[in-house]
Amino acid sequence: MIKGKAWIFGDDVDTDVIIPGKYLRTRDRHLWAEHVMEGIDPQFASRVGKGDIIVAGENFGSGSSREQAPLALKEAGVAAVVARSFARIFYRNAINVGLPLIEAQPVCQEGDLVEVDLQAGTVRVEDRVYQGTRLPDFLMAILKDGGLVAHRRRERGLD
Numbered sequence: 001m002i003k004g005k006a007w008i009f010g011d012d013v014d015t016d017v018i019i020p021g022k023y024l025r026t027r028d029r030h031l032w033a034e035h036v037m038e039g040i041d042p043q044f045a046s047r048v049g050k051g052d053i054i055v056a057g058e059n060f061g062s063g064s065s066r067e068q069a070p071l072a073l074k075e076a077g078v079a080a081v082v083a084r085s086f087a088r089i090f091y092r093n094a095i096n097v098g099l100p101l102i103e104a105q106p107v108c109q110e111g112d113l114v115e116v117d118l119q120a121g122t123v124r125v126e127d128r129v130y131q132g133t134r135l136p137d138f139l140m141a142i143l144k145d146g147g148l149v150a151h152r153r154r155e156r157g158l159d
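Laid out in C-alpha cells, this is it:
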C-alpha cells in the first residue's frame, strides 16, 4: 500500500515539463529532482514531499522517450503516479526505474490523502475506492525488486 498527499495535474503532461531538457546535460539525479515538474509548476520541487502521489489525467508522460522523467519524479520523492492513461514509453520507463504507477480515474483535490494498492489495482480517496488497471504479475515483480536492473540481478542470483 502506498499512501501520500495528492498533487493534481491535467492531461498531456509531457516529459519536457516533467524534467526540462536544459537539465539533462548532467546525470545528477538530485539536480533533476530540484527541477522536476518545473515546466508546469515551478514550485513543485520545493513543495513535494517524500511519499507524495501525482494524480493526473490522460496521456501522462507523453513526448520524448527520456527515462530521466520518471527518475526525476522518483528522486524527488514521488511514491507513485496515478493517471487516467500513460504514454506507452513513460509507462515502461517508470516500471524499469521502479516508479509505481496505476491507470485509474480517482476524483480528488490537491492535498487529499490517496492510497494506492498496486496488488488490487485500486486507488482510495477518503471513503471512495476507484478500480484501476492492475499491473501484470511480471511488472509487479520488477517494481517489487526496485526496477528492471535490480530485478535482472536478482533473477541471476547476483543480489
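For reference, each letter of the sequence shown is one residue, going 1 to 159 in full-length UniProt numbering. Don't be surprised by glycine CBs; every beta carbon is placed ideally from N, CA and C.
query: Residue 1, buried or exposed, once every other Cβ within 10 Å from all chains shown has been counted against 16; result: exposed
query: Contact check, residue 94 vs residue 36, beta carbons under 7 Å; result: no
query: Close-in-space but distant-in-sequence residues of the same chain around residue 3 (CB under 6 Å, 5 per side omitted); result: 115
query: Residue 138 burial status per 10 Å Cβ neighbour count (16 or more: buried); result: exposed
query: Rounded straight-line distance, which links the Cα of residue 97 to that of residue 159; result: 17 Å
query: Inside the segment 36-114 only - alpha helix (DSSP H) runs reaching at least 4 residues; result: 44-47, 68-75, 88-97
query: Reference residue 5, options 41, 104, 54, closest by Cα; result: 54
query: Pairwise C-alpha distance: residue 57 and residue 10; result: 5 Å
query: Start-to-end residues for the beta strand (DSSP E) that takes in residue 122; result: 122-125
query: Buried/exposed call for residue 100, threshold 16 Cβ in 10 Å; result: buried
query: Length of the line joining the Cα atoms of residue 72 and residue 78; result: 9 Å
query: Opening and closing residue of the beta strand (DSSP E) in which residue 129 lies; result: 128-131
query: Beta carbon of residue 60 nearer than 7 Å to that of residue 13; result: yes
query: Spatial neighbours of residue 146 in its chain, beta-carbon cut-off 8 Å, leaving aside the 5 residues before and after; result: 98
query: Range of the contiguous alpha helix (DSSP H) that encloses residue 142; result: 137-144
query: Residue 69 and residue 18 closer than 7 Å at C-beta; result: yes
query: Own chain residues within Cβ distance below 7 Å of residue 130, not counting five before or after; result: 104, 105, 106, 122, 123
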